[in-house]
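Here the structure comes first, spelled out in structure tokens, and everything after it is commentary.
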Amino acid sequence: MNFHKAIAAVLMIAALAGCAQTEGQQRAGTGALIGGAGGALVGQAIGGNTESTLIGAGAGALLGAVVGSSTTPQRRGEQMCRYQDRYGRIYTAPCDDRYYNGDY
């Protein structure tokens, strides 16, 4: 019976991970899913009981979510740069390829 509950929980987490809006949320959800599964396997191998499996799954999911979220690459355009137009006016706008290529 516990096996069926664990399968249902994994399927619910997978469904919720697919509903995430941003890339960071998707990566955190995927990391939690993979980390939870790996942690459950390690917990079962070490402790050999349900409590160890659940602790391993929780720790793995937490670690997986943190790693997944922190490895999300920064997108271009989120940084703001200062530019000067041809009339000498300085303005702020999202950084473009001139900034990233060093042509500013």
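Residue numbers (my numbering): 96 to 199. Backbone N, C-alpha and C fix where the C-beta goes; we use that ideal spot for every residue, glycine too. The model shown is predicted, which means the values in this text are computed figures rather than measured ones.
Using 10 angstroms around the beta-carbon of residue i, count the other beta-carbons present and answer buried if the total reaches 16, otherwise exposed.
i, result
"Gly-143", "exposed"
"Ala-140", "exposed"
Quick one: grab the DSSP three-state call for residue i.
i, result
"Thr-187", "strand"
"Arg-181", "coil"
Spatial neighbours of residue i within its chain, please: CB distance less than 7 Å, with the 5 preceding and 5 following residues excluded, ordered by chain position.
i, result
"Ala-123", "Ala-160, Gly-163 and Ser-164"
"Ala-154", "Gly-134"
For residue i versus residue j, is the C-beta distance shorter than 8 Å?
i, j, result
"Ala-135", "Thr-148", "yes"
"Thr-167", "Gly-119", "yes"
Excluding the 5 residues preceding and the 5 following residue i in the sequence, name in chain order all residues of the same chain whose CB lies nearer than 6 Å to its CB.
i, result
"Gly-138", "Ser-147, Thr-148, Ile-150 and Gly-151"
Spatial neighbours of residue i within its chain, please: CB distance less than 8 Å, with the 5 preceding and 5 following residues excluded, ordered by chain position.
i, result
"Asp-180", "Tyr-186"
- Task: Can you check the segment 124 to 177 for any alpha helix (DSSP H) of at least 4 residues that lies completely inside it and give the ranges in chain order?
- Result: Complete alpha helix (DSSP H) runs here, min 4: 145 to 165.
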